[in-house]
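Heads up: the protein sequence lines correspond to chains L and B, in order. Letter 59 of the first sequence, counting from 1, is numbered 59 in our numbering, and no numbers are missing. Letter 6 of the second sequence, counting from 1, is numbered 6 in our numbering, and no numbers are missing. Only one structure is covered here, and it is reproduced in the block below.
There are 2 protein chains.
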Amino acid sequence: MGELEQIILLALVRLGDNAYGVPIRQDIEKRTKRSISIGALYRTLERLEDKGFVSSRTGDPTPERGGRAKRFFRAEPPGLRALRRTREALDVMWEGLDPKRV
Amino acid sequence: MGELEQIILLALVRLGDNAYGVPIRQDIEKRTKRSISIGALYRTLERLEDKGFVSSRTGDPTPERGGRAKRFFRAEPPGLRALRRTREALDVMWEGLDPKRV
DNA sequence: CATTTCTTCTACTATGCAGAATAAATGCCA
DNA sequence: TGGCATTTATTCTGCATAGTAGAAGAAATG
């Protein structure tokens, strides 16, 4: 699983029921201090969905100017499993390394 | 930085002066329990070198059958920095998540 | 010159990235 | 009150970077 895929999946876990485009992007930018384009975000969500790692549903329009219907995303069990596996692979590679050498 | 790039860079740190193709591959397969093809390994090392993240030197042939000269690799400071940055980005995304939800 | 160890090559798929274009809603006002 | 500007949000398109596999090739010894 790619790095951005992991990061986005983790944002979904954190955001829970409020995970749609804008807040996902904000959460990532705020935490990692790196900007992520809109295209990269949706493209990646799309791929995650193709793989069955996330699901999405269209919400109701909200009564505010420009309140177009949102598309909410949710991390699914296979996605969470893949996330843990990837994390573990990196962890065992870091494990026991001399901090002075990294 | 890609996941495999990270994993390979970490293997280089661990192996120190004995980091060439075969042991790099073994170290990764042993620790992560996942197989990695020879092509994927060298291709990635090549890209890491293009980016200045690793350097390589050709060793002397060893006096054993098939002892063709090895190509030794070493992680360079820019590579180590990139490694730490990537790790941090993932760490802040994991930070504070409810373990039950992951 | 057969065998062994190790690296390079080639072709393809998957992931990341950017920003313009599009869609769907509300607010304003002639 | 009909239409258009504005706002929020998503989709589309094209290219760049990273990952994968395994056959082929190179360089050594027995």
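Even for Gly, the Cβ is constructed at its ideal location relative to N, Cα and C. These numbers come from a predicted model, not from an experiment.
G96 of chain L and E3 of chain B have their C-alpha atoms spaced approximately 19 Å apart. With fewer than 16 other Cβ atoms inside 10 Å of its own Cβ, Q26 of chain B counts as exposed. Distance from the CA of G59 of chain B to the CA of R84 of chain B, rounded to the nearest whole angstrom, comes to 29 Å. Cβ proximity to chain B below 9 Å picks out D27, I28, R31, T32, K33, R34 from the stretch 26-45 of chain L.
The Cβ of A82 of chain L sits no closer than 7 Å to any Cβ of chain B. Against chain B, the beta carbon of G21 of chain L has no neighbour under 7 Å; the closest one sits roughly 17 Å away. Under DSSP, the beta-bridge partners assigned to S55 of chain B are B:R74. When the five nearest sequence neighbours on each side are left out, the beta carbons in the same chain lying within less than 7 Å of the beta carbon of R74 of chain L are those of L12, A19, V54, S55, in order along the chain. Chain L has a Cβ within less than 7 Å of the Cβ of I7 of chain B. For E64 of chain L, there is no enclosing alpha helix (DSSP H), as DSSP marks it with neither H nor E.
Neighbourhood of E3 of chain B in chain L, by CB distance below 9 Å: M1, G2, E3, Q6, T86, A89, L90, in chain order. At a cut-off of 7 Å between C-beta atoms, L15 of chain L does not count as an interface residue with respect to chain B.
Excluding its 5 nearest sequence neighbours in each direction, R71 of chain B has C-beta neighbours in its own chain below 8 Å: Y20, G21, S56, R57, T58, G59, listed in chain order.
Interface with chain L (7 Å Cβ-Cβ cutoff): L10 of chain B is included.
At a Cβ-Cβ threshold of 7 Å, M93 of chain B and R43 of chain L do not count as neighbours.
Taking C-beta atoms as the reference points, E5 of chain L and L48 of chain L count as a pair closer than 7 Å.
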